[in-house]
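To convert a position in the sequence shown, counted from 1, into the working numbering, add 11. For each residue, glycine too, the CB sits at the ideal point set by N, CA and C. Model, not experiment: these values are computed from the prediction.
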Amino acid sequence: MAKDTPQTFYLKDYTPFGYDVESVHLTFRLAPETTRVLSKIRFAPKPDAADKTFFLHGEELKLISAKLDGQEVTPELADGGLKCEVPSAPFTWEAEVEINPAGNTALEGLYMSNRMYCTQCEAEGFRKITYYPDRPDVMSTFTVRIEGDEPVMLSNGNPMGQGEGWAEWHDPWPKPAYLFALVAGDLVNHPGSFTTKSGKEVELNIWVRPGDEGKCAFGMETLKKSMKWDEDVYGLEYDLELFNIVAVDDFNMGAMENKGLNIFNSSCVLASPETSTDANFERIEAIIAHEYFHNWTGNRITCRDWFQLCLKEGLTVFRDAQFTADMRSEPVKRIDDVITLRARQFPEDNGPLAHPPRPEAFQEINNFYTATVYEKGAEVIGMLKRLVGDDNYYKALQLYFERHDGQACTIEDWLKVFEDATGRDLSQFKLWYSQAGTPRVKVSEDYADGTYTLTFEQSTPPTPGQPDKAPRVIPMAVGLLSPNGDEVRGTQVLELTDAKQSFTFDGLASKPVPSILREFSAPVILERETTNAERAFLLAHDTDPFNRWEAGNALAKETRVAMVLDGAAPDAAYLDALEKLVRDDEQDPAFRALVLSPPSQADIAQTLHERGYTPDPQKIYDAAETFTQTLAQQLETSLPRLYAATTVEGPYAPDAESAGKRALNGRILSLLTRLDGGEQAARQYASADNMTQQYAALGALMKAEKGEVQSQAFFDQWQDDRLVMDKWFALQIACAAPEKTAATAAALTKHPLFDMKNPNRFRAVFGALAGNHAGFHHASGEGYQLLAENLIALDSLNPQTTARMCAAFQTWKRYDAGRQSLIRAQLSRIAGTEGLSRDTNEMVTRILDA
Ligand code: 0A1
Ligand code: ZN
């Protein structure tokens, strides 16, 4: 039987809704399987509307009754909603519907997590709560009454009153339905407060399940820092009397910026030294800031339609990155972000799922919460800031907030603000929003008579639906060093606008060494013929820390590529450079840890693919092992001293400086474990009083297949802590040798604590499987098969998480014919599943169409 062709939505088809929504009143009568939702909504027809169809979205709702101005009506139930004949003057719509939160495993709309009611409405979940024009350009004030016997019942805005069995809330700020939230359950709060710059007191709360109270302090401190930072840097103040954060265990994403009531995946807010690693603390800090910053970039100014998603997400990611850079280390944050961009966005941009930061068509919008929309969206803003300069950037942002407060906007509105504030024409720059694909920039150079010339040629490979691309504006930050290591030209931003363009530098005494794309000033792939000697020179002398790391990273890649392709030995000069750097106590430990962290095996596969080779995952794995073993041997005599020197004494604190030291210490421990049979790691495991060191020791031991005792001890100690158990599940798969990876994951799916319905647990297992490059791509195909089987099983419960995890297959065309046919078989099997969700169907179809 042929499947129905799924509906595709297009940016070009945008039409405004024909009615204003003047107010929304909702009453919830909570019951796990039979919650009643009563809505009373005041609509006013827009006099100049071209389309006056009264269509309300609604999915999985049982309509009990509907009224227009108090009179019972029988609307026409249509696919995905209802239609009704309505008056041409303002009117009141009332509906009563019944929904089943306990049966909602998709975690979209109103659902139950760990006996608590909670909601997730972005992007289109509100339509699973009641009939409504569920689109972000329809904004209204919401008044909410919750009836039930839960001790704590919360919604957006300010509390209006509460009594035995009820609570009322009112949000004075007009908002789209995707920002609606409700939470009810047996919760306890970690309180705090903040005084805004204009002297308003704001009550702050982090709400958690009893037992988690001890994990809120860091989140609360971070929230206050975020509030202060947004005032100091952007002049933006909080606008309600109350700000609530709630932690829930079952959540499809990281967190959600609902107005005044942010809902967080518990993994993104709960933190304690005993249960969270430094990396967890840093991520929690970033996500709390991110959600808080959405209050202005997303909530006060929202998106006209979902094609504009990067308007709020790119900007908010950019702002949270600025925050992290200010709280921690700017270069380290930049390096971390570029590593993530290359690991997550580049495969997307250079494969079957490539789409522009502002897509022009989708079937399921949930599939577009991507690294391209978020991370590349933020890169585009970084480029804009670099091109116009800091002062102009902040001037434009002030204008954005003044001009568009309370509106639902587009990328055009955003760019117009920059044009008006700076007088710059941004029509070519706008291509970054509409073109997919990562530009390649080929660099060549020439030197004669004191004049140095750099020539850039840009091109972007074809992506689905976009065979040809016009040249873009690329800000290329460049500095020049003299052969003795002095900087002879400080950083300057060259603006590339043509397919081919040259820039000259006069008055140079000798041929300089260029430092190109400083701070990674544009999300491009640089192609330049150079030598390892020059890379080593830049690793030693570049004044731009990003490019120093980049030079080391390039050396690491070159040596690993040569090992894979020619069976070469690890490059001795590179090993020497690493040794020198590791021992150099003048250098920031966090930076040293980064230089000492090898490029991932997936990154080597990507590099080989970019150079026209077919990556062999097993060879890449073997080269990584040989390289690390050789490095450990080279450093052998210094490792014990380095280990001691980087051990952080005293009580644990998650600050950047001690975290950097622990990161370096962890790298040293993993090298040491290759030589000492795990003695030091076992000692560290036994004495660790914080998760960072406990987990680093366990990881080092398990990688060496010497961690059985500790793994059992870890389980015994932490089996009641869901978040720590996620680590335990993931680590076993991440550390497994390639031939054992799939079997390890398969066995863990049979573990009593494996829970298909909990996205964190599912991701712990299958994210780790897909992330173990050689294990997932093992020639047996067992990894592919296991993932496909479990995605099929998950799809009927949770389409959103299933669809997102299909991206594990997006790089399939890189590999050899054997692996390709194994993957194709699994993708076809998923695609052929009876009753497959729209979410997953769209993803597998796009991946298969490659
Ligand atoms: N807007 C949130 C992310 C988010 C998106 C979708 C969700 O459910 C489908 C949940 C959260 C953010 O950027 O943090
Ligand atoms: Zn966001």
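Next on the checklist: Does the distance between the C-beta of Lys-387 and the nearest non-hydrogen atom of the ligand ZN fall short of 8 Å?
Outcome noted: Within the sequence shown, residue 387 is the residue found at index 376, counting from 1. The answer is no for Lys-387.
Next on the checklist: Is the separation between the beta-carbon of Asp-241 and that of Tyr-303 shorter than 9 Å?
Outcome noted: As a first step, residue 241 must be located in the sequence shown, where it is residue number 230. As a first step, residue 303 must be located in the sequence shown, where it is residue number 292. Taking 9 Å as the Cβ cut-off, Asp-241 and Tyr-303 qualify as a contacting pair.
Item to check | Residue interval of the beta strand (DSSP E) (run including Glu-109) | outcome: Numbered from its first residue, the sequence shown carries residue 109 at position 98. Note, Glu-109: beta strand (DSSP E), 102-110.
Checklist entry - Run through DSSP, which three-state label would Val-259 get? => result The residue labelled residue 259 in the question sits at position 248 within the sequence shown. Val-259 falls in the strand class under three-state DSSP.
Item to check | Candidates Phe-429, Lys-51, Leu-67 and Asp-197, of which the one nearest Pro-81 by Cα | outcome: Locating residue 81 in the sequence shown gives position 70, counting from the first residue. What sits at residue 81 in the sequence shown is Gly, not Pro. The residue with the shortest Cα to Cα distance from Gly-81 is Lys-51.
Checklist entry - What do you reckon, are the CB atoms on His-366 and Ala-297 nearer than 9 Å? => result For the purposes of this step, residue 366 is identified with residue 355 of the sequence shown, where counting begins at 1. For the purposes of this step, residue 297 is identified with residue 286 of the sequence shown, where counting begins at 1. No, Cβ-Cβ distance for His-366 and Ala-297 is not below 9 Å.
Item to check | In chain order, each alpha helix (DSSP H) run of at least 4 residues that lies wholly inside the stretch 286-355 | outcome: 289-304, 320-338 and 341-351
Checklist entry - For Asn-495, is the classification buried or exposed, using 16 other Cβ atoms within 10 angstroms of its Cβ as the cut-off for buried? => result Along the sequence shown, read from residue 1 onward, the residue named residue 495 stands at position 484. Flag for Asn-495 reads exposed.
Item to check | Distance cut 6 Å, beta-carbon to the ligand ZN heavy atom: residue list by chain order | outcome: His-301, His-305, Glu-324 and Thr-327
Checklist entry - How about Gly-265: is its Cβ closer than 8 Å to a heavy atom in the ligand 0A1? => result The residue you call residue 265 lines up with position 254 of the sequence shown. Yes, the ligand 0A1 has a heavy atom inside 8 Å of this Cβ.
Checklist entry - Hey, is Ile-298 close to the ligand 0A1, as in C-beta under 8 Å from one of its heavy atoms? => result Along the sequence shown, read from residue 1 onward, the residue named residue 298 stands at position 287. Ile-298: yes, Cβ under 8 Å from the ligand 0A1.
Checklist entry - Just the Cα atoms here: how many angstroms apart are Ala-573 and Ser-832? => result Within the sequence shown, residue 573 is the residue found at index 562, counting from 1. Within the sequence shown, residue 832 is the residue found at index 821, counting from 1. Distance between the alpha carbons of Ala-573 and Ser-832 is about 28 Å.
Checklist entry - Is it the case that the Cβ atoms of Gly-671 and Thr-703 are separated by a distance below 9 Å? => result Counting from one through the sequence shown, the residue named residue 671 turns up at place 660. Counting from one through the sequence shown, the residue named residue 703 turns up at place 692. No.
Item to check | Ile-858 burial status per 10 Å Cβ neighbour count (16 or more: buried) | outcome: In the sequence shown, counting from the first residue as 1, residue 858 sits at position 847. That one is buried.
Item to check | Contacting residues, own chain, Cβ-Cβ under 6 Å from Lys-717 (five flanking each side not counted) | outcome: Indexing the sequence shown from 1 puts residue 717 at position 706. Only Gly-689 meet the Cβ criterion.
Checklist entry - Excluding the five sequence neighbours on either side, which residues of its own chain have a C-beta within less than 6 Å of the C-beta of Pro-452, listed in chain order? => result One-based indexing of the sequence shown puts residue 452 at position 441. As written in the sequence, residue 452 is Val, which differs from the Pro given in the question. Around Val-452: Phe-467, Gln-469, Val-535 and Leu-537.
Next on the checklist: I'd like to know if the stretch 605-617 and the stretch 724-734 are in contact, where contact means that at least 3 CB-CB pairs between them fall below 8 Å.
Outcome noted: no
Checklist entry - Can you list, in chain order, the residues of its chain whose CB lies under 6 Å from that of Thr-844, leaving out five sequence neighbours each side? => result One-based indexing of the sequence shown puts residue 844 at position 833. Hits under 6 Å: Ile-803.
Checklist entry - Hey, is the stretch 32-46 in contact with the stretch 98-112, meaning 3+ C-beta pairs nearer than 8 Å? => result yes
Checklist entry - Is the stretch 433-448 in contact with the stretch 482-494, if contact means three or more CB pairs nearer than 8 Å? => result yes
Item to check | Residues that Gln-82 bridges to, as DSSP identifies them | outcome: Your numbering for residue 82 matches position 71 in the sequence shown. BP columns for Gln-82 point to Leu-79.
Checklist entry - Which ranges does the alpha helix (DSSP H) cover as unbroken runs of at least 4 residues, wholly within the stretch 403-451, from first to last along the chain? => result 422-433 and 442-445
Item to check | Host alpha helix (DSSP H) of Asp-182 (start-end) | outcome: Taking the first residue of the sequence shown as position 1, residue 182 is located at position 171. Asp-182 -> not in any alpha helix (DSSP H); beta strand (DSSP E) instead, spanning 177-186.
Item to check | Cβ contact (3+ pairs, closer than 8 Å) linking the stretch 522-534 and the stretch 598-607 | outcome: no
Checklist entry - Assuming Thr-684 contacts Ala-692 under a Cβ cut-off of 8 Å, what Cβ separation, rounded to an integer in Å, is found between them? => result Stepping through the sequence shown from its first residue, residue 684 is reached at position 673. Stepping through the sequence shown from its first residue, residue 692 is reached at position 681. Contact flag correct, Cβ pair sits at about 5 Å.
Checklist entry - Can you find a heavy atom of the ligand 0A1 that lies under 8 Å from the Cβ of Gly-689? => result Numbered from 1 along the sequence shown, position 678 holds the residue referred to as residue 689. Outside the cutoff, so no.
Checklist entry - Any heavy atom of the ligand 0A1 closer than 8 Å to the CB of Tyr-380? => result Position 369 of the sequence shown, counting from 1, holds the residue named residue 380. It does: the Cβ of Tyr-380 is within 8 Å (strictly closer) of some heavy atom of the ligand 0A1.
Item to check | Neighbourhood of Thr-508 by C-beta, 6 Å cutoff - its chain only, sequence neighbours within 5 removed | outcome: Within the sequence shown, numbered from 1, the residue matching residue 508 stands at position 497. If we look at Thr-508 and ignore the five residues flanking it on each side, its Cβ neighbours are Val-484.
Checklist entry - By Cβ distance, which residues of its chain are closer than 6 Å to Leu-519, with the 5 residues on each side in sequence left out? => result For the purposes of this step, residue 519 is taken as residue 508 along the sequence shown, with counting starting at 1. Gly-461 and Tyr-463, listed in sequence order.
Item to check | 4-residue-minimum alpha helix (DSSP H) runs that sit fully inside the stretch 584-646, ordered along the chain | outcome: 600-607, 612-621 and 628-645
Checklist entry - Does at least one heavy atom of the ligand 0A1 sit under 8 Å from the Cβ of Ala-134? => result Counting from 1 along the sequence shown, the entry for residue 134 is found at position 123. Yes - the ligand 0A1 has a heavy atom lying nearer than 8 Å to the Cβ of Ala-134.
Checklist entry - Taking just the CA atoms, how far does Ala-842 sit from Glu-853? => result Taking the sequence shown and counting its residues from 1, the one referred to as residue 853 is at position 842. Taking the sequence shown and counting its residues from 1, the one referred to as residue 842 is at position 831. In a straight line, the C-alpha of Glu-853 is about 9 Å away from that of Ala-842.
Checklist entry - Does any heavy atom of the ligand 0A1 sit closer than 8 Å to the C-beta of Asn-115? => result The count along the sequence shown starts at 1 and reaches residue 115 at position 104. No; taking the cut-off as 8 Å, the Cβ of Asn-115 has no heavy atom of the ligand 0A1 nearer than that.
Item to check | In chain order, each alpha helix (DSSP H) run of at least 4 residues that lies wholly inside the stretch 27-63 | outcome: none
Checklist entry - Three or more C-beta pairs closer than 8 Å, one from the stretch 62-81 and one from the stretch 124-133: is that the case here? => result no
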